[in-house]
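Novice: Could you have a look at this structure, given as structure tokens, before my questions?
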Amino acid sequence: MNYWLIKSEPYVYSYDDLTHDKKTSWDGVRNYAARNYMREMKKGDQVFFYHSNEGKQIVGIATISKEAYPDPTAVDNKGWVSVEIKPLKKLKKFITLVDVRVEKILSEMELVKNSRLSVQKVSSKEWIKILKMAGE
DNA sequence: GCCAACGTTGGC
DNA sequence: GCCAACGTTGGC
């Protein structure tokens, strides 16, 4: 199983919105690195849900419920894809960007190194560490 | 194929 | 609201 992190601005689509909707199609991604990660996602993979701009923290975990399929919102043919995600659980304690920055093991995360990438890969070591920090 | 110009993201 | 970082576009 692989671990991932996706970012969303909470006033556009928050983790609570996902909880309310029960599932959502993660579409509209227009970045090749992000697209390639989305193509690698397998059903059952777990995903940290990060709120960018407002909050700047990991607030919950989602799971991949449908693997990559052509993004219905794409108007060109550059191979953009969507995945479907479902909420798994909200974290007991949210993990802020500052929390990630000060933790040595997490300092190599794309969240720190390439903050603009909206879909990121998380190593199992990083995943476990963040869960522990979140009291899970 | 290079690179300047431009647009977007996201932290501050 | 500002601006640095990054990705994309398009002229040459």
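Take the first sequence: its letters are residues -8 to 127, numbered as in the working numbering.
Even for Gly, the Cβ is constructed at its ideal location relative to N, Cα and C.
From a predicted model like this one, the values you see are computed outputs, not experimental measurements.
Return yes when the Cβ of V38 is within less than 8 Å of the Cβ of I49, no when it is not.
Specialist: No, the Cβ-Cβ distance between I49 and V38 is not below 8 Å.
Novice: Locate the beta strand (DSSP E) running through K116, then write down its first and last residues.
Specialist: Unbroken run through K116 is the alpha helix (DSSP H), 115 to 124; no beta strand (DSSP E).
Novice: Is the CB-CB distance between F40 and L9 below 8 Å?
Specialist: Result yes, Cβ atoms of F40 and L9 sit closer than 8 Å.
Novice: What is the residue span of the alpha helix (DSSP H) that V93 lies within?
Specialist: Segment 88 to 93, the alpha helix (DSSP H) holding V93.
Novice: Identify the continuous beta strand (DSSP E) that holds K(-2) and give its terminal residues.
Specialist: Here the beta strand (DSSP E) through K(-2) covers -6 to -1.
Novice: Report, in whole angstroms, the separation of the C-beta atoms of A53 and I86, which I expect to be a contact under 8 Å.
Specialist: That belief does not hold up - the Cβ atoms of A53 and I86 are roughly 15 Å apart, past 8 Å.
Novice: In three-state terms, what does DSSP make of V212?
Specialist: Residue coverage of the chain in this structure runs from -8 to 127, which leaves residue 212 outside it and unanswerable.
Novice: Which first and last residues belong to the alpha helix (DSSP H) in which K104 is found?
Specialist: Taken as a continuous stretch (DSSP letters only), the alpha helix (DSSP H) holding K104 covers 101 to 104.
Novice: Check whether the Cβ atoms of Y23 and W(-5) lie closer than 8 Å to each other.
Specialist: It is not a contact, given that the beta carbons lie outside the stated cut-off.
Novice: Name the two residues that bound the continuous alpha helix (DSSP H) containing Y6.
Specialist: Run containing Y6: 6 to 12, per the alpha helix (DSSP H) assignment.
Novice: So, does the segment 94 to 109 touch the segment 61 to 71, judging by three or more C-beta pairs under 8 Å?
Specialist: As far as the Cβ criterion goes, the segment 94 to 109 does not touch the segment 61 to 71, which means the pair count is below three.
Novice: Who are the Cβ neighbours of K120 in its own chain at under 8 Å, not counting the five residues just before and after it?
Specialist: Once the five neighbours on either side are set aside, the close Cβ partners of K120 are E94, I96, L97.
Novice: Please classify T15 as buried or exposed, where buried requires at least 16 neighbouring CB atoms within 10 angstroms.
Specialist: Result: buried.
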